[in-house]
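Encoded as structure tokens, the structure appears first; notes follow it.
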Amino acid sequence: MSSPKETDPSKKAKRSFSRRGFLAGVGVTGGALTTGILEKTAEAAPAAAHVVGPGEVPITLNINGKPFNVKVEPRTTLCDTLRHRLDHTAAKRVCDRGTCGACSVIIDGKVMYSCTVLAIDAQGRKIETLEGLTAGPRPHPVSAAFVNNDAQQCGYCTPGFVVAATNFLQRNKNPNLTEEDVKRGLGGNLCRCGTYVGVRKAVLEAAKSMQGGNHA
Amino acid sequence: MPDEYLWPPMGQRKVMGQRLSRLDGPDKSAGRAKYNSDLNPQGLLFATLLTSPYAHARVKSIDISAAKSMDGVTAVRIIAQPGTEIQWEGAEIASVAAVTEEKARDGARAIKVDWEVLPHVVMWEDLGKVGNRAKPAGEQVTGDPDAAFKEADATVEGDYMIPVITHCCLEPHGQTVQWSGDKVEYFPSSQNVSGVGADLGRAINVKAPDIHVHMDYMGGGFGSKFPSDLWGSECAQLSKMSGGKPVKLFLERSSELMIAGNRPGVGAKVKVGAKNDGTITTWESQTWATGGYGGGGLNAQLFPYVFTIVPNRRINHTAVSINTGSARAWRAPNHPQVSFVTCSAFEDLAAKLKMDPIELFKKNLHYSDRPEVYAKQLDIAAGMIDWKQNWHQRGDSGSGVVKRGLGLGIGTWGGLGHESKCRTTIHPDASVEVELGSQDLGTATRTMIAMVASETLGVPISRIKIKIGDNSFPNSGGSGGSTTIGGVSTSTRKSTVNALDKLFQVVAPLLNTTPDQLEAKDGRIQVKGNPEKSMTWDMACRKLGTNPISEMGENNPRESMKEGMISQGVGGVQMSDVSVDTETGVVKINRHVAVHDCGLVVNPKTAESQVFGACIMSISAALTEERIMDAETGHMLNADMEFYKLAGIGDIGEILVHMDIAPEHDKRGIIGLGEPPTIPGIAAIANAVANAIGVRVPMVPMTPARVLAALEGRRTA
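Those protein sequence lines, which keep their order, are chains F and W.
Read in order, the letters of the first sequence correspond to residues 60 to 275 in our numbering.
Read in order, the letters of the second sequence correspond to residues 26 to 742 in our numbering.
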């Protein structure tokens with residue numbers, strides 16, 4: 060991180076790690092490509108493309124409203140960056156393939172699996188983790204509902220569920236949600252201990268409590 | 026033993042028996058709970074394993090030189106030396122540590138292995154095709170089954186199969202390890218905090234006292250996380266080679282599913298003979314099972330499950346060794362499979378006799394250990410699922426495309442508390458510490474220890490600090506076999522009573538009485554039944570001056586059982602109400618009910634959670650979950666969570682749980698609950714499907730393909 064200017068997300072070549080850019084980079088510097096088609100593509104790539112990697116690159120991530128400067132390889136996921144580099148470990152790495160939801164975070168207002176987002180692609184976007192959602196002095200209403208309804212056992216899937224449930228409730232402000240709504244809304248998260256019965260009750264309870272001005 | 030150890034009578038308990046929320050719930054649900062896979066100590070290195078891509082192969086040569094010279098790589102170790110024969114895909118070949126996980130993976134990729142690929146066997150389902158991998162255990166006969174079958178009014182024969190499933194712990198197996206001098210700091214994900222350090226020590230030649238184990242939280246074990254494992258010793262050795270820096274090594278998901286444990290699959294051919302009134306007279310089973318390369322995998326002596334003492338019995342069992350990772354204990358080892366086979370055969374018999382299966386099960390309860398308990402539980406469960414209104418004869422489910430049916434399953438388990446030591450310290454500032462080398466797997470162990478201490482001292486839980494998850498605390502058993510709650514509750518009760526007795530000795534003279542006349546109640550120490558002669562808890566503790574009281578307590582399982590503090594032997598009944606779409610083959614759970622007893626229930630809220638969870642695991646096993654191997658390549662085809670299918674929140678229907686809390690159970694003392702509710706569910710769902718569609722789906726999980734095949738009279742794998 061040599062200068063603040065370089066780390067300003069707005070100035071950074073966002074999502075510069077495009078397929079085209081990657082090919083250009085490898086084609087020019089690596090000489091590893093042997094097929095004509097790929098070489099052509101590489102040659103045709105705009106010379107001005109901003110190329111990053113394959114080594115570590117400095118990036119800035121906006122996490123819970125604060126900028127974090129970190130160096131990661133372009134292939135590093137947001138999940139691993141949060142957990143290994145920034146000590147934001149609420150998001151868990153479980154399936155690592157976009158199936159289970161344990162690594163859920165909210166990006167630009169939408170819940171996403173952080174194991175399927177590259178850290179460099181998360182630049183300039185608003186990332187909210189469970190640490191951020193629960194940083195307030197009062198217990199977060201969704202977390203509190205999970206406790207009340209014992210919607211957790213080993214707890215390893217729980218942060219992902221709380222994040223997904225929070226985002227689901229933010230997007231569905233309806234105190235009269237039904238269990239069917241919850242099943243659909245949280246179908247992207249998996250639990251092994253079998254806490255779904257508690258989760259259903261917790262989300263319905265939170266839907267009501269969040270209507271009383273007790274918003275996340 | 027002082028009578029004061031005994032649990033207060035039912036109805037007089039103030040804390041035990043309450044529906045309390047788990048104490049670590051707020052930290053878990055706010056993401057503050059730090060699991061050992063979350064640790065990020067200064068200078069942390071990351072490690073990964075190179076694993077075998079073949080199910081059976083020999084390492085001809087292995088070259089780690091390129092890996093060792095790579096940027097950022099701090100240590101590389103060969104696990105499988107040239108000449109090593111690998112017996113399953115995923116077996117550990119080499120390990121690499123590096124400054125980032127990405128570089129460690131690059132290092133593993135740079136290791137060159139020259140393989141001699143050998144023939145493998147990964148399929149066990151067809152006993153005729155496993156050749157010399159089959160190891161028959163020999164026939165065991167009780168009574169005269171041949172004569173009994175001749176005399177039987179009715180005989181049914183059936184084939185049943187339940188696949189290998191994996192533990193699929195969400196926090197993978199693994200650990201963070203670092204050295205300080207000759208001592209090892211070991212942060213595993215373990216079910217065995219007191220014992221796993223010595224296990225690692227044996228592997229890396231370090232004395233047990235020099236290994237410090239610490240673990241606040243763990244993300245699921247289900248029986249698979251007792252040993253330190255090869256990845257534990259590799260992690261420690263990589264750390265040592267890297268100057269003692271902390272190294273984190275947690276398994277990749279694919280390895281977690283391939284090598285970190287599984288539940289044996291079982292195939293069965295069963296014949297049952299009975300009288301017309303449903304009394305079973307004879308049982309014959311030929312079973313085969315695989316526990317991976319080590320073979321084994323099933324205790325066939327448990328047949329016919331719960332009704333083991335039928336007078337005539339012929340048992341044949343064959344262990345099949347295949348080239349896959351080894352089985353490990355999986356909640357209630359043997360029981361879910363044996364329950365599935367037995368209850369399926371009994372339901373088939375009931376259908377043939379045109380009997381209500383509840384009546385058939387009841388008719389045979391004299392063969393079980395606890396006839397009255399089962400009879401009561403069958404009635405309660407039947408009420409919860411509206412059995413009388415909704416049950417019909419097999420297949421008599423109307424002309425519609427969607428068929429509805431009901432089924433039942435039963436189970437039994439021991440659950441005697443394990444050996445456990447506990448230390449309770451009362452400080453002059455009125456704070457209390459309870460320390461034991463136990464662990465909370467998500468079963469609310471931490472919470473229940475606090476409830477026992479609070480009940481004993483008459484002070485709120487908030488005043489008591491529970492310290493578990495560290496092997497410097499008094500030794501407490503590993504958490505397996507539903508043994509934890511009996512163990513930790515008794516040792517906590519005893520150490521806390523002992524500490525309180527010491528406090529009474531200090532306080533008694535000040536209240537002009539003797540210690541045996543005192544009681545701790547509502548935050549006060551008082552003369553029994555006389556709150557007038559009392560002092561506050563805080564005041565009493567202050568009288569200690571500068572010396573805290575620290576007392577030990579121990580659970581010796583046999584003694585505590587004699588005393589009536591703990592016991593073993595529970596029952597359980599589950600029933601399921603399903604709908605099956607006969608055009609698509611999709612099975613939907615409408616309602617699933619569970620009735621279980623476990624003696625004195627410390628916290629009904631978290632006990633119910635255990636049962637809910639076990640029902641959901643059973644639904645998963647009955648409908649979606651199985652390890653799928655490829656015969657040709659020897660690969661596990663679904664070593665990921667997309668195709669290794671766990672049930673989701675929308676797949677489980679409505680679940681109702683009834684904890685059988687009653688004086689006759691309560692007086693037996695505390696009994697574990699981790700295993701019992703995992704047992705009867707699969708059988709209940711399989712029987713409900715048979716009842717709905719009129720034919721038996723012989724193999725679980727009952728996928729649409731298998732349901733449709735059964736409807737068409739076809740067999741599928």
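Note that beta-carbon positions come from the ideal geometry of N, C-alpha and C, so glycine has one too.
From a predicted model like this one, the values you see are computed outputs, not experimental measurements.
Query, Result
"State the Cα-Cα distance for the pair Pro629/W and Ser94/W, rounded to the nearest angstrom.", "57 Å"
"For the ligand MN, is there any heavy atom lying closer than 8 Å to the beta carbon of Asp169/W?", "Annotation note on the ligand MN: not contained in the displayed structure, which lists no ligands."
"If you measure beta-carbon to beta-carbon, which residues of the region 29-61 of chain W are closer than 8 Å to chain F?", "Ser46, Arg47, Asp49, Gly50, Pro51, Lys53, Ser54, Ala55, Gly56, Arg57, Ala58, Lys59 and Tyr60"
"What span of residues does the beta strand (DSSP E) with Asn341/W cover, start to end?", "Asn337 to Val345"
"Is the Cβ-Cβ distance between Ser205/W and Ala228/W less than 9 Å?", "no"
"Could you compute how far the alpha carbon of Val85/F sits from the alpha carbon of Gly112/F?", "Low confidence applies here, because Val85/F scores a pLDDT of 40, under 50, leaving its location unreliable and the question unanswered by this model."
"Can you check whether the CB of Ser279/W is closer than 9 Å to the CB of Gly115/W?", "yes"
"Do you know offhand how far Gly502/W's Cα is from Ala314/W's?", "29 Å"
"With a threshold of 6 Å on Cβ separation, who are the neighbours of Gly244/F within its own chain once the five nearest residues in sequence on each side are excluded?", "Phe227"
"Hey, which unbroken runs of the beta strand (DSSP E) at 3 residues or more fall wholly within the region 296-322 of chain W?", "305-315"
"Under the DSSP definition of a beta bridge, which residues are partnered with Val291/W?", "Ile187/W and Ala314/W"
"Going by C-alpha to C-alpha distance, which of Ala357/W, Thr649/W, Glu544/W and Lys428/W sits closest to Pro556/W?", "Glu544/W"
"Out of Gly570/W, Ile707/W and Glu117/W, which one is the CA nearest neighbour of His452/W?", "Gly570/W"
"Relative to the alpha-carbon of Leu625/W, which residue among Glu584/W, Val612/W, Asp685/W and Gly494/W has its alpha-carbon at the smallest distance?", "Asp685/W"
"Where Glu397/W and His690/W are concerned, what is the direct C-alpha to C-alpha distance, given to the nearest angstrom?", "12 Å"
"By Cβ distance below 8 Å, which residues in the same chain neighbour Ile334/W in space, the five residues on each side in sequence not counted?", "Tyr392"
"Could you list which residues in chain W have their beta carbon closer than 7 Å to that of Asn207/F, in chain order?", "Ser46"
"How many Å lie between Val605/W and His617/W at the Cα?", "15 Å"
"At a CB distance below 8 Å, what residues from the region 211-235 of chain F approach chain W? Give them in sequence order.", "Gln211, Gln212, Cys213, Gly214, Tyr215, Cys216, Thr217, Pro218 and Val221"
"Any contact between the region 350-358 of chain W and the region 375-383 of chain W? By contact I mean 3 or more CB pairs, one from each, below 8 Å.", "no"
"Taking all protein chains shown into account, do 16 or more other C-beta atoms lie within 10 angstroms of the C-beta of Gly95/F, making it buried, or fewer, making it exposed?", "Caution applies to Gly95/F, whose pLDDT of 42 falls short of 50 and renders its modelled position unreliable; the value that the coordinates give is listed next. Classification for Gly95/F: exposed."
"Alpha carbon to alpha carbon, how far is Ser268/F from Pro234/F? Give it in angstroms, no decimals.", "8 Å"
"Which residues in the same chain have their Cβ closer than 6 Å to the Cβ of Gly90/F, if we skip the five residues on either side of it in sequence?", "Any reading at Gly90/F needs caution, since the residue's pLDDT is 36, under 50, leaving its predicted position unreliable; the model's value is listed next. Here the set comprises nothing."
"Examine chain F for any beta-carbon lying closer than 9 Å to the beta-carbon of Arg278/W, and answer yes or no.", "yes"
"I'd like to know if Cys252/F contacts chain W, where contact means its C-beta is closer than 9 Å to some C-beta of that chain.", "yes"
"State the DSSP-derived secondary structure class of Val85/F, mapped to helix, strand or coil.", "For Val85/F, the predicted model reports a pLDDT of 40, less than 50, meaning its position is unreliable; a value from the coordinates is still stated below. Helix, per DSSP."
"Which of the three DSSP states, helix, strand or coil, is assigned to Leu192/F?", "helix"
"Would a C-beta distance cut-off of 9 Å place Val603/W and Gly432/W closer than the cut-off?", "yes"
"Mind checking whether Thr188/F and His143/F have CB atoms under 9 Å apart?", "no"
"Looking at the structure shown, is Trp355/W part of a helix, part of a strand, or coil, going by DSSP?", "coil"
"DSSP on Phe212/W, reduced to helix/strand/coil?", "strand"
"Leaving aside the five residues before and after Lys185/F along the sequence, list all residues of the same chain whose C-beta is less than 6 Å from its C-beta, in chain order.", "Asn121 and Asp167"
"Assign Gly425/W to one of two classes, buried (16 or more other C-beta atoms within 10 Å of its C-beta) or exposed (fewer than that).", "exposed"
"Taking 9 Å as the CB-CB cut-off, is Met642/W touching chain F?", "yes"
"What separation, rounded to the nearest whole angstrom, lies between the Cα atoms of Val722/W and Gly589/W?", "44 Å"
"Could you tell me how far apart the beta carbons of Arg652/W and Ile190/W are, in whole angstroms, since I believe they sit closer than 8 Å?", "6 Å"
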